[in-house]
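Taking my numbering, the leading residue of the sequence shown gets 4, the next gets one more, and so forth.
Where is the CB? At the ideal position from N, CA and C, for every residue including glycine.
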Amino acid sequence: MFDITVMPEDAMDFLFPPDVLIRPARAVERCMLSPLNSTVDSFNNIILQRLSSEIRPCMPHPLDAYNHTLTILFPLLADTKDARDTIKDGENANELDVQAALETLALIPHVGVPHRTLLLKDGQLCSIMRNLNVERGLVKHARVSIERIYQRSIKVKLLSSGMTYLLPRINFTFQPKSSPFVIHRCQFPLRAAYATTFHGCQGLTLSRTVIDCGTPIFAHGQRYAAISRTRARTDTRIYVPAGTTSIVNNIVYPELTTFSSSGPASDSGPPADTDMPAA
Numbered sequence: 004m005f006d007i008t009v010m011p012e013d014a015m016d017f018l019f020p021p022d023v024l025i026r027p028a029r030a031v032e033r034c035m036l037s038p039l040n041s042t043v044d045s046f047n048n049i050i051l052q053r054l055s056s057e058i059r060p061c062m063p064h065p066l067d068a069y070n071h072t073l074t075i076l077f078p079l080l081a082d083t084k085d086a087r088d089t090i091k092d093g094e095n096a097n098e099l100d101v102q103a104a105l106e107t108l109a110l111i112p113h114v115g116v117p118h119r120t121l122l123l124k125d126g127q128l129c130s131i132m133r134n135l136n137v138e139r140g141l142v143k144h145a146r147v148s149i150e151r152i153y154q155r156s157i158k159v160k161l162l163s164s165g166m167t168y169l170l171p172r173i174n175f176t177f178q179p180k181s182s183p184f185v186i187h188r189c190q191f192p193l194r195a196a197y198a199t200t201f202h203g204c205q206g207l208t209l210s211r212t213v214i215d216c217g218t219p220i221f222a223h224g225q226r227y228a229a230i231s232r233t234r235a236r237t238d239t240r241i242y243v244p245a246g247t248t249s250i251v252n253n254i255v256y257p258e259l260t261t262f263s264s265s266g267p268a269s270d271s272g273p274p275a276d277t278d279m280p281a282a
């Protein structure tokens with residue numbers, strides 16, 4: 004049904020050849036799709052290494068000297084002053100516990116929160132991770148390209164409008180799984196957007212996709228959401244890592260697809276896990 008690729012590099016060549024990679028306005032129409040955030044990060048890192056510009060690690064940094072940008076562009080965020088990962092709460096935590104926890108938790112990714120150390124490059128395609136200014140289109144999942152990286156802000160171009168803006172660091176608050184601590188992280192609300200999850204691709208119309216079939220899906224409709232992003236079968240390829248099969252699972256809730264004359268089927272239960280050929 005679909006052409007298969009077994010190497011991630013081949014998948015990236017299909018999606019982002021050099022002439023596309025240097026043009027964010029074209030790259031935004033293509034995407035690698037995977038069910039897991041960890042795989043998405045891996046594919047994004049592959050593309051990051053292919054960009055010719057210099058990599059810039061962005062660590063959390065004080066915002067006191069840049070509060071005027073917060074006030075003008077993002078008035079609701081103007082009280083953001085925290086500079087680094089800090090602990091808001093904990094159970095009987097002493098100073099050593101706090102320091103050890105911070106060093107460990109800083110390395111653990113959290114869904115919806117940027118990494119503590121962002122690796123960015125000029126010309127990189129990214130998505131915004133928070134609603135910043137609805138009127139200007141700076142909303143969650145909006146695609147932007149990085150124009151210039153400064154110490155306290157990042158100049159981005161909003162691809163939907165062509166307008167440029169300075170994005171500051173903002174506060175993210177989260178509680179890592181199985182941890183008693185609540186963490187504050189002050190970081191740029193950006194994530195590389197060359198790959199995204201099956202959930203995150205919903206609503207997108209793309210010119211090319213590669214679908215990761217090396218990891219089983221775990222929710223109803225995920226496979227359909229990924230396959231239906233392009234208009235033609237030839238615009239989609241299936242990524243099947245070496246050593247895995249091209250027969251993939253498909254999660255279906257029968258009660259959502261089976262109807263009797265009086266309405267939905269009455270019997271309910273766990274979703275059916277069926278197999279379907281990827282190619």
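Beta strand (DSSP E) runs wholly inside the region 112-156, at least 3 long, in chain order: Along the region 112-156, the beta strand (DSSP E) occurs as fully enclosed runs of 3 or more residues at 121-124, 128-131 and 146-152, listed in sequence order.
Counted within 10 angstroms of its Cβ, other Cβ atoms place L108 as buried (16 or more) or exposed: Numbered from its first residue, the sequence shown carries residue 108 at position 105. Of the residues assessed, L108 falls on the buried side of the cut-off, its CB having 16 or more other CB atoms within 10 angstroms.
- prompt: Q154: which of F191, G115 and L135 sits nearest, CA to CA?
  reply: Mapped onto the sequence shown, residue 154 falls at position 151. The shortest C-alpha to C-alpha distance from Q154 to any of F191, G115 and L135 is the one to F191.
task: For my contact list, V31 and L161 are in at a C-beta cut-off of 8 Å; report their separation, rounded to the angstrom.
output: Position 28 of the sequence shown, counting from 1, holds the residue named residue 31. Position 158 of the sequence shown, counting from 1, holds the residue named residue 161. So it is not a contact: roughly 11 Å between Cβ atoms.
field: Minimum C-alpha distance to H144 - residue among D125, R232, L193 and H113
entry: Here residue 144 corresponds to residue number 141 of the sequence shown, with the count starting at 1. In terms of CA proximity to H144, L193 leads the group D125, R232, L193 and H113.
message: Can you tell me whether F17 is helix, strand or coil according to DSSP?
response: Position 14 of the sequence shown, counting from 1, holds the residue named residue 17. F17 carries a helical assignment under DSSP once its states are collapsed to helix, strand and coil.
message: Buried or exposed, going by whether 16 or more other CB atoms sit within 10 Å of the CB of S181?
response: In the sequence shown, the residue the question calls residue 181 occupies position 178. Here S181 is exposed: its Cβ has fewer than 16 other Cβ atoms, across all protein chains shown, within 10 Å.
query: Taking just the CA atoms, how far does S249 sit from L36?
result: Along the sequence shown, one-based indexing puts residue 36 at 33. Along the sequence shown, one-based indexing puts residue 249 at 246. Whole-angstrom Cα-Cα distance: 16 Å.
task: Keeping to the same chain, check which residues put their C-beta closer than 7 Å to that of T199; ignore five residues upstream and five downstream.
output: The residue you call residue 199 lines up with position 196 of the sequence shown. Same-chain partners within the cutoff: C34, L36 and V43.
task: Decide if F201 is buried, meaning its Cβ has at least 16 other Cβ atoms within 10 Å, or exposed.
output: Position 198 of the sequence shown, counted from the first residue, corresponds to residue 201. Buried, because 16 or more other Cβ atoms sit within 10 Å of the Cβ of F201.
- prompt: Rounded to a whole number of angstroms, what is the C-alpha to C-alpha distance between L207 and T176?
  reply: Looking up residue 207 in the sequence shown gives position 204. Looking up residue 176 in the sequence shown gives position 173. Cα to Cα, L207 sits roughly 28 Å from T176.
query: What's the C-alpha gap between D16 and V23?
result: In the sequence shown, the residue the question calls residue 16 occupies position 13. In the sequence shown, the residue the question calls residue 23 occupies position 20. Answer to the nearest angstrom: the Cα atoms are 10 Å apart.
- prompt: Grouping DSSP H, G and I as helix and E and B as strand, with all else coil, what is E190?
  reply: Residue numbering aside, residue 190 sits at position 187 when the sequence shown is read from its first letter. Residue 190 is actually Gln in this sequence, not Glu. DSSP places Q190 in strand when its eight states are reduced to three.
- request: Please classify A229: is it buried, with 16 or more other beta-carbons within 10 angstroms of its beta-carbon, or exposed?
  value: What you label residue 229 is simply residue 226 of the sequence shown in a count that begins at 1. Counting Cβ neighbours within 10 Å, A229 comes out buried, since at least 16 surround it.
- prompt: Under 7 Å between the Cβ atoms of S156 and G140?
  reply: Here the question's residue 156 lines up with position 153 in the sequence shown. Here the question's residue 140 lines up with position 137 in the sequence shown. Here S156 is not near G140, since their CB atoms are 7 Å or more apart.
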